[in-house]
Each structure stands twice: as C-alpha cells, then as structure tokens.
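Participant:
In my numbering, the protein residues as written are 1090 to 1209.
Structure (structure tokens):
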C-alpha cells in the first residue's frame, strides 16, 4: 500500500483519523499487514483492545479513539479485519489501524501516546 492511498482512507474527521492522517503527511512510518496472517476476526480484537483500553486508562496514558474502536470491532463480530500501524517519532505516538480485509477502508483507528515508554 502506498502512503497516499492510506492517507485517503483516513478521510474521516474523528480525532484519531485526523491525527494519523497528519502524521502520515509528515512522513511517519507505516505498515499494513498482508496475507492471511494479517487478518483477525473483529470480535477477537475487540476483547484484546477492551483490556488494553482499561490498562491505558488506568495508567493515565493519553489515547485517541479507543472506546469507539472497541465498539466498532465488537459490532463487526466475526468479520475479518486487517491490521496496520503508523509510528510517529516526534512527538512519539502510535496509531493502530483496523482495515477491511480488502484494504478498501479504515474501520477504526486508535492513537496511543508513547511518551510513557521513554526512559530517562
């Protein structure tokens, strides 16, 4: 997938989509997993990310779009979802992308502040 294609798929104005799109426009690195190994049933992801949402909230880690992404994944049931990720180095932020199996659209986007992982 080309950068411009992924940017166009992040056309929504949610805070997570907008921040991820802007990170890509500034040159952030990205990856979309391909092949069968890149596909996971949405409800499996919903369970995993529901737990991760609780952990990040309890630790006070700033996030974008977490609750909405978990709701979206839960509603999709067994539908296969393709994973992707965008890493912005400065300020450090990671965006987890959930795309349709055919990579025709972004279903959900989660942004997680990575400053908490920096070591002094």
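We put the CB at the ideal spot given by N, CA and C, even for glycine.
Can you give me the start and stop residues for the beta strand (DSSP E) that residue 1120 sits inside?
Facilitator: Counting from 1 along the chain shown, the entry for residue 1120 is found at position 31. Looking at the DSSP string, the run of the beta strand (DSSP E) that includes residue 1120 is 1118–1121.
Participant: Using three-state DSSP, classify residue 1105 as helix, strand or coil.
Facilitator: Numbered from 1 along the chain shown, position 16 holds the residue referred to as residue 1105. Here residue 1105 sits in helix by DSSP.
Participant: Tell me which residues share the same chain as residue 1201 and place their Cβ nearer than 6 Å to its Cβ, disregarding the 5 neighbours each side in the sequence.
Facilitator: Within the chain shown, residue 1201 is the residue found at index 112, counting from 1. Answer for residue 1201: 1152, 1183, listed in chain order.
Participant: If you compare alpha carbons, which of 1170, 1097, 1198 is closest to residue 1156?
Facilitator: Counting from 1 along the chain shown, the entry for residue 1156 is found at position 67. Cα-wise, what sits closest to residue 1156 is 1198.
Participant: Hey, quick one: how far does the beta strand (DSSP E) through residue 1199 stretch, first residue to last?
Facilitator: In the chain shown, counting from the first residue as 1, residue 1199 sits at position 110. 1195–1202 is the span of the beta strand (DSSP E), which, as asked, contains residue 1199.
Participant: What three-state label does DSSP hand residue 1192 in the structure shown?
Facilitator: Counting from 1 along the chain shown, the entry for residue 1192 is found at position 103. Here residue 1192 sits in coil by DSSP.
Participant: Please list, in chain order, all residues of the same chain as residue 1138 whose beta carbon is under 6 Å from its beta carbon, the five residues on each side excluded.
Facilitator: If you number the chain shown from 1, residue 1138 lands on position 49. Around residue 1138: 1159.
Participant: Is the CB-CB distance between residue 1178 and residue 1117 below 9 Å?
Facilitator: In the chain shown, residue 1178 corresponds to position 89, counting from 1. In the chain shown, residue 1117 corresponds to position 28, counting from 1. Yes.
Participant: For my contact list, residue 1171 and residue 1190 are in at a C-beta cut-off of 8 Å; report their separation, rounded to the angstrom.
Facilitator: The sequence position of residue 1171 within the chain shown is 82, counting from 1. The sequence position of residue 1190 within the chain shown is 101, counting from 1. Their Cβ separation, rounded to whole angstroms, is 6 Å, which keeps residue 1171 and residue 1190 in contact under 8 Å.
Participant: Please name the residue in 1097, 1204, 1188, 1106 whose C-alpha comes closest to that of residue 1128.
Facilitator: Here residue 1128 is taken as the residue at index 39 of the chain shown, counted from 1. It is 1188 whose Cα lies nearest to the Cα of residue 1128.
Participant: Measuring straight from C-alpha to C-alpha, what distance separates residue 1181 and residue 1112?
Facilitator: Here residue 1181 refers to the residue found at position 92 when the chain shown is read from its first residue. Here residue 1112 refers to the residue found at position 23 when the chain shown is read from its first residue. Taking the straight line joining both Cα atoms gives about 10 Å.
Participant: Based on DSSP bridge pairs, tell me the residues matched to residue 1168.
Facilitator: In the chain shown, the residue the question calls residue 1168 occupies position 79. BP columns for residue 1168 are empty, so no partner.
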